[in-house]
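What follows is a single structure, written as structure tokens, with notes after it.
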Amino acid sequence: MLTTNYWPAEHPAVVYFRWSPTQSWGSTWYFVITSISAYIAISTTLHLFFLLLRRHKPVPVGLIPALHNLAMALISTTIFIGMVSSSVEEFRDTRWFWQRKKYGYASAHCLETDFHPLI
1 MLTTNYWPAE
11 HPAVVYFRWS
21 PTQSWGSTWY
31 FVITSISAYI
41 AISTTLHLFF
51 LLLRRHKPVP
61 VGLIPALHNL
71 AMALISTTIF
81 IGMVSSSVEE
91 FRDTRWFWQR
101 KKYGYASAHC
111 LETDFHPLI
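Using the UniProt record's numbering, read the sequence shown as starting at 1 and increasing by one per residue.
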């Protein structure tokens with residue numbers, strides 16, 4: 001078993017994962033509303049704070065934006081590799097492409113098994 005494929009696609013926590021408000025705290029409306037409200041409140045507070053300072057020069061931040069962008073790129077790459085690896089694993093398990101099942105792609109796109117597209 002390859003370690004690079006085991007962690008993003010074959011680990012039991014990934015294989016048996018199901019969305020549940022009790023296990024997935026990010027899947028609730030409370031989390032979404034709280035996150036957006038906190039973002040707006042923090043952004044507005046910082047904006048007003050900098051308006052009160054009346055500083056006309058930009059604040060020197062140095063390497064912080066470059067390090068932030070590097071971290072976000074690495075995190076995004078890791079997520080992308082995990083998603084592709086998990087999709088390949090799903091395709092391999094269901095073999096829907098080779099058996100020509102009509103709606104087999106639904107499981108790869110996280111749709112319900114009784115999903116029927118309008119097309």
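Note that CB positions come from ideal geometry on N, CA and C, so glycine has one too.
- Message: Check this for me: beta carbons of W25 and F17, under 7 angstroms apart or not?
- Response: no
- Message: Extract the residue ranges of the beta strand (DSSP E) inside the region 2-70, only unbroken runs of 3 or more that lie entirely within it.
- Response: none
- Which value, in whole angstroms, describes the spacing of the CA atoms of P60 and S76? 27 angstroms
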